[in-house]
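Peer 1:
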Amino acid sequence: MTEEPNSAENHPPGRRSFLGLVTTAGVATGAAACAIPFVESLQPPDNAAAHLPVDVDISHLAPGQQMTAVWQGKPVFIIRRTPEDLNRLQDAALITQLRDPESDAHQQPDYTRNWHRSLVPEYGVYVGICTHLGCVPTYVKDGAGAPAGGLYGCPCHGSRFDLAGRVFKGVPAPYNLPVPPHAMPDPSTIRLGENPTGKTFDFGSIVQI
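Letter by letter, the sequence shown follows residues 1 to 209 in this note's numbering.
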């Protein structure tokens, strides 16, 4: 029986391997071309989830404690301040040490531009990013260098903020910690990224994060 002149057996081993690779590559490329649109079709639109409000359960947050949530990829500090903490925020001796005690710089919604920088005095809500070079401050309770009740201290360059997120004088940070848009749909929930009914605030309009 005469062998077909173009059969695979008549191709040198190197040529057979090359043809196999070409065929395999063609199949793989075609599969990938089909798969990419399919995979992309499963993905949500860019930034769709990132801009949705985030509900944070604060029912277990005890007075004097702080928790950290995440909103739009940013750490958000939520602190439950004690009556003693709130009294200290109004202390004239503390106020004289602060760079912007009246929150004149646009670092918060108008509905939190008050002495406690929050919707209700008990709960403080701040984006936990130092306004100097973007490090994440830490909550420091009574201790070395911290006033009674504690403060937020930046571990990078020593900036300090009180429990209302107000920056102290004589530190690198130029502005108070930003306050994000937030609402309280019920007493045990803080909803980050949503303004209270009838209020407006665009976080992108703040002076600096």
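Think of the CB as a built atom: it goes at the ideal place given N, C-alpha and C, for glycine as much as any other residue.
#1: Three-state secondary structure (DSSP) at phenylalanine 161?
#2: Does DSSP put leucine 133 in a helix, a strand or coil?
#3: How do the stretch 184-204 and the stretch 165-176 stand: do at least 3 beta-carbon pairs fall below 8 Å, yes or no?
#4: Between glycine 73 and threonine 200, what straight-line distance do the alpha-carbon atoms span, to the nearest angstrom?
#5: Evaluate proline 63 with the Cβ neighbour count: other Cβ atoms within 10 Å of its Cβ, from every protein chain shown; 16 or more gives buried, anything less gives exposed.
#6: Tell me which residues share the same chain as glutamine 97 and place their Cβ nearer than 7 Å to its Cβ, disregarding the 5 neighbours each side in the sequence.
#7: Since alanine 62 sits in a beta bridge, which residues does DSSP pair it with?
#8: For serine 205, collect the residues of the same chain with a Cβ closer than 7 Å to its Cβ; drop the 5 residues on either side in sequence, then sort them by chain order.
#9: Need the endpoints of the beta strand (DSSP E) that aspartate 55 sits in, please.
#10: Terminal residues of the continuous alpha helix (DSSP H) containing isoleucine 78?
#11: Which same chain residues, not among the five before or five after alanine 164, have their C-beta less than 7 Å away from its C-beta?
#12: Does the Cβ of glycine 153 have 16 or more other Cβ atoms within 10 Å, making it buried, or fewer, making it exposed?
Peer 2: According to the structure data:
#1: Phenylalanine 161 falls in the strand class under three-state DSSP.
#2: In the structure shown, the three-state DSSP call for leucine 133 is coil.
#3: A contact between stretches requires three or more CB pairs, one per stretch, nearer than 8 Å, and the stretch 184-204 fails this requirement with the stretch 165-176.
#4: Glycine 73 and threonine 200 have their C-alpha atoms roughly 22 Å apart.
#5: Within a 10 Å sphere around the beta-carbon of proline 63 sit fewer than 16 other beta-carbons, which makes this residue exposed.
#6: In its chain, beyond the 5 residues on either side, Phe168, Lys169 have a beta carbon closer than 7 Å to the beta carbon of glutamine 97.
#7: The beta-bridge partner set that DSSP reports for alanine 62 is empty.
#8: Here serine 205 has His106 as same chain residues with Cβ atoms under 7 Å from its own Cβ, once five neighbours each way along the sequence are excluded.
#9: Per DSSP, aspartate 55 is one residue of the beta strand (DSSP E) stretching across 54-57.
#10: According to the DSSP assignment, isoleucine 78 belongs to no alpha helix (DSSP H) but to the beta strand (DSSP E) extending over 74-80.
#11: In the same chain as alanine 164, and ignoring 5 residues on each side of it, the C-beta atoms closer than 7 Å to its own belong to Leu89, His116, Arg117, Gly124, in chain order.
#12: Counting Cβ neighbours within 10 Å, glycine 153 comes out buried, since at least 16 surround it.
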